[in-house]
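In what follows, a structure is listed as structure tokens, so that the remarks can point back to it.
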Amino acid sequence: MRVLIVKTSSLGDVIHTLPALTDAVRAIPVIRFDWIVEEAFAEIPSWHPAVDRVIPVAVRRWRKAPMKALVSGEWRRFKRAVAATRYDATIDAQGLLKSALLTRYGSKPVHGLDENSAREPIASRFYTHAHAVPLGRHAVERVRELFAKALGYPLPEGPITYGLDRHRLAGAENPEPYLLLLHGTTWVTKHWPELYWRRLIALATAAGWAIRLPWGNADEEARARRLAAGQPAVTVLPQLKLAGIAAEIAGARACVAVDTGLGHLAAAFGVPTLSLFGPTNPGFTGAWGPNQFHLASNLPCAPCLQRRCTHVPTVDERAQFDLVAEQPLCFTRIGPEQVWSALQRILDGKTSADAALAVKLAADGALGGFDPSPGPLVHTMFDRKASG
3 MRVLIVKTSS LGDVIHTLPA LTDAVRAIPV IRFDWIVEEA FAEIPSWHPA
53 VDRVIPVAVR RWRKAPMKAL VSGEWRRFKR AVAATRYDAT IDAQGLLKSA
103 LLTRYGSKPV HGLDENSARE PIASRFYTHA HAVPLGRHAV ERVRELFAKA
153 LGYPLPEGPI TYGLDRHRLA GAENPEPYLL LLHGTTWVTK HWPELYWRRL
203 IALATAAGWA IRLPWGNADE EARARRLAAG QPAVTVLPQL KLAGIAAEIA
253 GARACVAVDT GLGHLAAAFG VPTLSLFGPT NPGFTGAWGP NQFHLASNLP
303 CAPCLQRRCT HVPTVDERAQ FDLVAEQPLC FTRIGPEQVW SALQRILDGK
353 TSADAALAVK LAADGALGGF DPSPGPLVHT MFDRKASG
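Counting from 3, one number per residue, gives the positions in the sequence shown under our numbering.
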């Protein structure tokens with residue numbers, strides 16, 4: 003049985019799809035997949051053993067120069083590549099108009115989310131089979147359910163795995179343990195303040211840890227160099243392709259991440275990771291898997307899911323915080339000392355695999371401490387049925 007997957011982007015969304023493939027192989031051992039994905043993320047599907055062929059697409063680039071895509075023959079070659087194989091089914095795992103349009107070049111039946119489940123309801127009109135998958139759940143679980151319904155098997159009860167071999171991708175073992183700080187992200191509002199990163203680096207290096215800082219564009223490189231300035235134990239990595247960054251993540255002792263696709267890659271490898279959430283909700287898009295822990299702001303407006311902060315500082319906030327260096331203010335509830343305390347517990351193995359990790363966050367933004375019972379604000383996405 004051969005199935006075509008359409009899940010083009012983004013990095014985190016592509017990674018969230020991997021456990022569904024593992025489910026499908028467990029239920030249907032003979033199943034094989036081809037995958038349409040944005041060219042920037044084309045390496046990731048190839049790491050899963052159930053994927054035979056990756057078909058890169060360049061929708062993001064083609065949108066900027068549609069005539070060039072037509073004249074160059076890229077679009078024609080893409081359609082030919084998809085049409086070269088007869089599929090038993092096509093699954094749109096994204097639920098967007100752009101992904102639904104791409105399913106036209108695959109084989110029927112075409113499966114996707116129904117109008118009440120898709121991010122863009124119009125996408126459901128392009129499917130021969132539209133499935134109801136309730137909203138309000140983590141993206142990993144929603145994709146798993148979609149695949150189970152599309153391919154006709156009960157959702158597996160066994161361990162959830164991404165199907166990636168961390169040790170193979172990590173390459174040669176590094177003699178010096180290191181922490182990897184995943185500081186780059188897309189939205190301005192998802193950035194943890196540089197002031198806090200510098201303080202966290204000072205605390206970690208004082209404890210004897212080596213720090214590595216990856217980067218993917220000029221702004222991230224500039225930030226990494228500012229963070230590393232005057233810190234001999236901090237290494238700014240060279241610009242790496244996705245496989246190179248994956249190797250750095252896979253080889254790390256632990257990661258600290260903002261809400262970023264690379265944090266999801268760390269989860270896929272099972273690398274202990276502490277993720278920091280301000281405007282976004284870890285319950286829906288947090289790093290999912292074993293050894294994944296989240297600190298989330300309890301500012302009254304968080305999570306706002308907004309790319310631009312509209313919070314009006316209170317009188318107390320104006321007096322207490324630097325309104326230039328400590329933006330967005332939702333991250334003032336997740337200070338560097340609090341993050342370091344949480345990271346130490348993760349490094350020492352003092353987090354419980356049987357209970358959610360919670361952090362008490364004081365209403366005035368004071369530093370919190372660990373509570374052994376699950377809390378409503380901050381929790382781990384650890385699933386006792388999950389494995390890397």
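Positions of the beta carbon are idealized from the N, C-alpha and C atoms, including for glycine.
1) Using a threshold of 8 Å, state whether the C-beta atoms of Leu157 and Ala26 are closer than that.
2) Can you tell me whether DSSP reads Ser277 as helix, strand or coil?
3) Which residue spans inside the segment 84 to 149 form an unbroken alpha helix (DSSP H) run of at least 4?
4) Please report the Cβ distance between Val84 and Ile38, rounded to the nearest whole angstrom; I am assuming they are in contact, meaning their Cβ atoms lie under 8 Å.
5) I'd like the span of the beta strand (DSSP E) that includes Pro58, first residue to last.
6) Helix, strand or coil for Trp64 per DSSP?
7) What do you reckon, are the CB atoms on Leu297 and Ile336 nearer than 8 Å?
8) With respect to the alpha helix (DSSP H) encompassing Ala209, which residues constitute its N-terminal and C-terminal limits?
9) Once DSSP output is grouped into helix, strand and coil, what is the label at Leu6?
10) Could you check what DSSP says for Phe295 in three-state terms: helix, strand or coil?
11) What would DSSP say about Tyr198, mapped onto helix, strand or coil?
12) Can you tell which of Pro330, Glu319, Lys9 has the C-alpha that lies nearest to the C-alpha of Gly280?
13) Let's test the definition: count the other Cβ atoms within 10 Å of the Cβ of Leu184 and tell me whether it reaches 16, buried, or not, exposed.
14) Report all residues from its chain with a CB closer than 6 Å to the CB of Ala22; omit the five preceding and five following residues, and keep chain order.
15) Tell me which residue opens and which closes the beta strand (DSSP E) that Arg34 is part of.
16) Any heavy atom of the ligand GDP closer than 7 Å to the CB of Asp36?
17) From the DSSP output, in three-state form, read off Ala172 for me.
Let's see:
1) Locating residue 157 in the sequence shown gives position 155, where the first residue counts as 1. Locating residue 26 in the sequence shown gives position 24, where the first residue counts as 1. Not closer than 8 Å, so no.
2) Residue mapping note: residue 277 aligns to position 275 of the sequence shown, counting from 1. DSSP places Ser277 in strand when its eight states are reduced to three.
3) With a minimum length of 4 residues, the unbroken runs of alpha helix (DSSP H) contained wholly in the segment 84 to 149 fall at 99 to 104.
4) Looking up residue 84 in the sequence shown gives position 82. Looking up residue 38 in the sequence shown gives position 36. The pair is a contact, with the Cβ atoms about 7 Å apart (cut-off 8 Å).
5) For the purposes of this step, residue 58 is taken as the residue at position 56 of the sequence shown. 53 to 59 is the span of the beta strand (DSSP E), which, as asked, contains Pro58.
6) The residue labelled residue 64 in the question sits at position 62 within the sequence shown. Correct three-state label for Trp64: helix.
7) Taking the sequence shown and counting its residues from 1, the one referred to as residue 297 is at position 295. Taking the sequence shown and counting its residues from 1, the one referred to as residue 336 is at position 334. Contact flag set, yes.
8) As a first step, residue 209 must be located in the sequence shown, where it is residue number 207. Neither: Ala209 is in no alpha helix (DSSP H) and is coded neither H nor E.
9) As a first step, residue 6 must be located in the sequence shown, where it is residue number 4. Under the three-state reduction of DSSP, Leu6 is assigned to strand.
10) Translated into the one-based positions of the sequence shown, residue 295 becomes position 293. Reduced to three states, the DSSP call for Phe295 is strand.
11) On the sequence shown, position 196 is the one that residue 198 refers to. The DSSP-derived three-state label of Tyr198 is helix.
12) Numbered from 1 along the sequence shown, position 278 holds the residue referred to as residue 280. Ranked by Cα distance from Gly280, the first of Pro330, Glu319, Lys9 is Pro330.
13) Position 182 of the sequence shown, counting from 1, holds the residue named residue 184. Classification for Leu184: buried.
14) On the sequence shown, residue 22 is found 20 positions in, with the first residue counted as 1. Cβ neighbours of Ala22 beyond the five flanking positions: Val145, Arg146, Phe149.
15) As a working mapping, residue 34 is identified with position 32 in the sequence shown. Its beta strand (DSSP E) spans residues 34 to 40.
16) The model depicted lacks the ligand GDP and carries no ligand whatsoever.
17) What you label residue 172 is simply residue 170 of the sequence shown in a count that begins at 1. Three-state result, Ala172: helix.
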